[in-house]
Amino acid sequence: MSESIIEINHLNFTYERQRVLEDIHLLVEKGSFLGLVGPNGSGKTTLLKCLLGILKPQQGEIKLFGQPIQKFKNWHEIGFVSQKANSFNTGFPASVFEVVASGLTSKLGLFKMMSPNDRKSVQKAIEQVGLSEFAKRNIGELSGGQQQRAFIARAIVSDPKLLILDEPTVGVDAKTVQNFYEMLMKLNRELGITLILVTHDVGTITDKVTHVACINKHLHFHGQSKEFEELKGDEMSDFYGHSLHVLTHNHSH
Numbered sequence: 096m097s098e099s100i101i102e103i104n105h106l107n108f109t110y111e112r113q114r115v116l117e118d119i120h121l122l123v124e125k126g127s128f129l130g131l132v133g134p135n136g137s138g139k140t141t142l143l144k145c146l147l148g149i150l151k152p153q154q155g156e157i158k159l160f161g162q163p164i165q166k167f168k169n170w171h172e173i174g175f176v177s178q179k180a181n182s183f184n185t186g187f188p189a190s191v192f193e194v195v196a197s198g199l200t201s202k203l204g205l206f207k208m209m210s211p212n213d214r215k216s217v218q219k220a221i222e223q224v225g226l227s228e229f230a231k232r233n234i235g236e237l238s239g240g241q242q243q244r245a246f247i248a249r250a251i252v253s254d255p256k257l258l259i260l261d262e263p264t265v266g267v268d269a270k271t272v273q274n275f276y277e278m279l280m281k282l283n284r285e286l287g288i289t290l291i292l293v294t295h296d297v298g299t300i301t302d303k304v305t306h307v308a309c310i311n312k313h314l315h316f317h318g319q320s321k322e323f324e325e326l327k328g329d330e331m332s333d334f335y336g337h338s339l340h341v342l343t344h345n346h347s348h
C-alpha cells in the first residue's frame, strides 16, 4: 500500500465571511507529482498556506506524513518555492552557493558553521538543478529561470521528502519553462521527491505530472493526469467558470 504524504479531510476555510475552500478532500501519495490547477482566486494559495501551517482552517483535518498538522514538527522535510522570480531583489549581494546554503539554516541553526558534508550537500543540490557553473556567480546576475533553479536548490538542499512550488514559472520564457518542467520530473523520478506544483499552465503540465487536482472553492477533479486529459471541454468549463481548452503537448516522458 502506498504511503500518504498529505491527507486532507472535510477542509473548510473562510476569509471574513467569504468561504474560500469548501469540503476539500485530498490525498497525495509518496512519489507522486501533483499539478494543482484552478482559476485566479480559486483557493489554491490558501490551500498551500493551510498545508504549510501558515493558516489554520476553521474545519477539517490535515495530516502530514501520517501526523496531524498540529503535532507535526519535521518541517525540514517540506521544501517550498514561492512565486519569487518577479519580486527578488537582484542587487542582493550573495552568490548562488550562499543562497542555496541558506536552505540549511533550519537544520543547522542560524550561526552554526557548515561542515564539509554540508558544503557537499550544497554543491550536490546546485548540480541537481543544473547550475554548477554558476555556483560562484552573484544571484542577481542570473536570468529569472536560473534564479528559480537556485531557489529550488535551496529548497532541496535539506533533503525534503515533499517539495511544494507556487507558480514558479511566472515571468519565465516558454523555452526555459519547458526545461524547468523537465528538471522537476527528474527530481520526482530520480530522487523520489513528492512534488506539488501550483500552476495556471494546465496544457503544458498534463504530460509532466502524475496526478492533477482542479480546485475552484471545491475540489472539482482529482485523479491521474491521463484521466484529466480525457475530460470534455464542457466539464472543464464548469470547473473554471468559462470555456477552456486543454492543449496537451504530447512529448514522450
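Take 96 as the starting number for the sequence shown in the working numbering and just add one per residue.
Note that CB positions come from ideal geometry on N, CA and C, so glycine has one too.
Here the structure is a predicted model, which is why all the values come from computation and not from measurement.
Considering only DSSP beta bridges, list what Q319 is partnered with.
Counting from one through the sequence shown, the residue named residue 319 turns up at place 224. According to DSSP, which records beta bridges pairwise, Q319 is partnered with H306.
Given that a residue counts as buried once 16 or more other Cβ atoms are within 10 Å of its Cβ, and exposed if not, what is G198?
By 1-based counting over the sequence shown, the position of residue 198 is 103. Per the 10 Å Cβ criterion, buried.
Below 7 Å CB to CB, which residues in the same chain sit around K139 once its five sequence neighbours on both sides are set aside?
On the sequence shown, position 44 is the one that residue 139 refers to. These residues qualify, in order along the chain: L131, G133, V293 and I310.
Completely contained beta strand (DSSP E) runs for the segment 258-302, where each covers 3 or more residues:
Here the runs fully enclosed are 289-294.
Let me know if R112 comes out buried or exposed under the rule of 16 or more other beta-carbons within 10 Å of its beta-carbon.
Position 17 of the sequence shown, counting from 1, holds the residue named residue 112. Sixteen is the threshold: since fewer than 16 other Cβ atoms of the shown chains lie within 10 Å of the Cβ of R112, the residue is exposed.
With DSSP collapsed to three states, give me the class of L106.
Counted from its first residue, the sequence shown places residue 106 at position 11. Strand, per DSSP.
Counting pairs of beta carbons, one from the segment 225-235 and one from the segment 254-266, are three or more of them closer than 8 Å?
With contact defined as three or more Cβ pairs closer than 8 Å, the segment 225-235 and the segment 254-266 are not in contact.
Does F323 pass the burial test, meaning 16 or more other C-beta atoms within 10 Å, or should it be called exposed?
For the purposes of this step, residue 323 is identified with residue 228 of the sequence shown, where counting begins at 1. Answer is buried; the Cβ neighbour count reaches 16.
Rank F275, Q218 and D254 by C-alpha distance to the C-alpha of R244 and give the top, closest one.
As a first step, residue 244 must be located in the sequence shown, where it is residue number 149. Closest by alpha carbon: F275.
Inter-residue Cα distance where the pair is L147 and H105:
Position 52 of the sequence shown holds residue 147. Position 10 of the sequence shown holds residue 105. Distance between the alpha carbons of L147 and H105 is about 17 Å.
Helix, strand or coil at D118 [DSSP, three-state]:
Residue 118 sits at position 23 when you count from the first residue of the sequence shown. Residue state, collapsed to three classes: strand.
Does L286 pass the burial test, meaning 16 or more other C-beta atoms within 10 Å, or should it be called exposed?
On the sequence shown, position 191 is the one that residue 286 refers to. Flag for L286 reads exposed.
Quick one: Cα of T343 to Cα of D302, how far?
For the purposes of this step, residue 343 is taken as the residue at position 248 of the sequence shown. For the purposes of this step, residue 302 is taken as the residue at position 207 of the sequence shown. The predicted position of T343 is uncertain, since its pLDDT is 42 and thus under 50; a value taken from the coordinates is nonetheless stated next. A direct Cα-Cα distance of roughly 7 Å separates T343 from D302.
Whose C-alpha, out of L279, H171 and I103, is nearest the C-alpha of V304?
Residue numbering aside, residue 304 sits at position 209 when the sequence shown is read from its first letter. Comparing alpha carbon positions, the residue from L279, H171 and I103 closest to V304 is L279.
Looking at the structure shown, is S99 part of a helix, part of a strand, or coil, going by DSSP?
Reading the sequence shown from its first residue, position 4 is the one you call residue 99. Reduced to three states, the DSSP call for S99 is strand.
Alpha carbons only, please: which of M209, N135, P163 and V307 is nearest the one belonging to C145?
Residue mapping note: residue 145 aligns to position 50 of the sequence shown, counting from 1. When each option's Cα is compared against that of C145, the closest is P163.
Boundaries of the alpha helix (DSSP H) in which E47 is found, first to last residue:
What the structure shows of the chain is the stretch from 96 to 348, and residue 47 is not part of that stretch, so it cannot be assessed.
Beta-carbon gap between T271 and G298 smaller than 7 Å
In the sequence shown, residue 271 corresponds to position 176, counting from 1. In the sequence shown, residue 298 corresponds to position 203, counting from 1. Against a cut-off of 7 Å, the Cβ pair of G298 and T271 comes out as no contact.
Would A180 be called buried (16 or more neighbouring beta carbons within 10 Å of its own) or exposed?
Position 85 of the sequence shown, counted from the first residue, corresponds to residue 180. With a pLDDT of only 48 at A180, under the threshold of 50, the placement of this residue in the model should not be trusted, and no figure is reported.
Distance, Cα to Cα, F160 vs G318?
One-based indexing of the sequence shown puts residue 160 at position 65. One-based indexing of the sequence shown puts residue 318 at position 223. If I take the Cα positions, the gap works out to 20 Å.
Name the residue from H315, I103, N283 and R284 whose alpha carbon lies nearest to the alpha carbon of V123.
Within the sequence shown, the letter at position 28 stands for residue 123. Of the listed residues, the one whose Cα sits closest to V123 is I103.
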